[in-house]
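Engineer: Take 1 as the starting number for the sequence shown in full-length UniProt numbering and just add one per residue. We put the beta carbon where it would ideally sit given N, CA and C, even for glycine. Quick one: structure below, then a few questions.
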Amino acid sequence: MIQGLVANLICPFLGSVAFEILFNVPRRYYVAGGVTGTAGWLVYIWIEGYSSAAMASFAGALVVVFISRMLTVKMKCPITVFLISGIFPLVPGARVYYTAYYLVTGQTGLAGQSGLEALKIAFAIVLGIVLVVSIPREVFQGQYWKNGRRRRQKLK
């Protein structure tokens, strides 16, 4: 029980940081990127117990992109610094591998099933990214809200 929890905290953190190292991200962003990937993975694990892997990936992607947008404003860097490394733990790499494996071994039924599940997960991740990225930048910068109320935008 405790070992599984520790593994679910350390592995996504290290995987996210490893991708940041691979992409030559400055060192000051390593911890924030690792926490972003870990948060997305923990949401994935939590939701997967109650729903499908696609829904869990969607929820995890929402969390990763939301945290990435907040960190982008706070740390003044591009969103891709946190987004790419944070999404890494959610990517259905094993399902894509098994799809190719089943195709090579001639098990087309299992290949189709595994491939469809991988496509559903990939689409859910993309949908989560698009939904959060479409939120106006001002919401994350704090300029959109003033004194607890939405600030009116002037027409130009």
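(1) Would you give the residue range spanned by the alpha helix (DSSP H) that G34 belongs to?
(2) Can you tell me the Cβ-Cβ gap for A111 and L103, rounded? I've got them flagged as a contact below 8 Å.
(3) Do the stretch 17-29 and the stretch 43-62 meet, that is, are 3 or more Cβ pairs less than 8 Å apart?
(4) So the candidates are Q3, F82, I67 and G93; which of them puts its Cα closest to the Cα of V139?
(5) Run the CB neighbour count on G34, radius 10 Å, all protein chains shown included, and call it buried at 16 or more, exposed below.
(6) Closest by CA to I125, which one among P136, G4 and G60?
(7) In whole angstroms, give me the CA-to-CA distance for residue 159 and A94.
(8) Which one of I79, V132, I121 and L127 has the shortest CA to CA distance from P89?
(9) How far does the alpha helix (DSSP H) with S85 in it extend, from its first residue to its last?
(10) In the DSSP assignment, the alpha helix (DSSP H) including N8 goes from what residue to what residue?
(11) If F58 sits next to L71, beta carbons under 8 Å apart, how far is it from one beta carbon to the other, in whole angstroms?
(12) Going by CA-CA distance only, name the one from V133, G128, Q3 and R137 that's closest to G40.
(13) For residue 169, collect the residues of the same chain with a Cβ closer than 8 Å to its Cβ; drop the 5 residues on either side in sequence, then sort them by chain order.
(14) Which of the three DSSP states is assigned to K76 in this structure?
(15) Rounded to the nearest angstrom, what separates V133 and T108 at their Cα positions?
(16) Please tell me whether G37 and S114 are closer than 8 Å, where the distance is taken between their beta carbons.
Structural biologist: Based on what the coordinates show:
(1) Y30 to E48
(2) 4 Å
(3) Three or more beta-carbon pairs separated by less than 8 Å are not found between the stretch 17-29 and the stretch 43-62, which leaves the two stretches without contact.
(4) I67
(5) Answer is buried; the Cβ neighbour count reaches 16.
(6) Taking only the C-alpha atoms, the option nearest I125 is G60.
(7) Residue 159 cannot be examined here, being either before or after the span of the chain that is shown, 1 to 156.
(8) I121
(9) T80 to I87
(10) I2 to L22
(11) In this structure F58 is not in contact with L71, their Cβ atoms being roughly 20 Å apart against a cut-off of 8 Å.
(12) G128
(13) There is simply no residue 169 to check, as the chain begins at 1 and stops at 156 in what is shown.
(14) coil
(15) 37 Å
(16) Contact flag unset, no.
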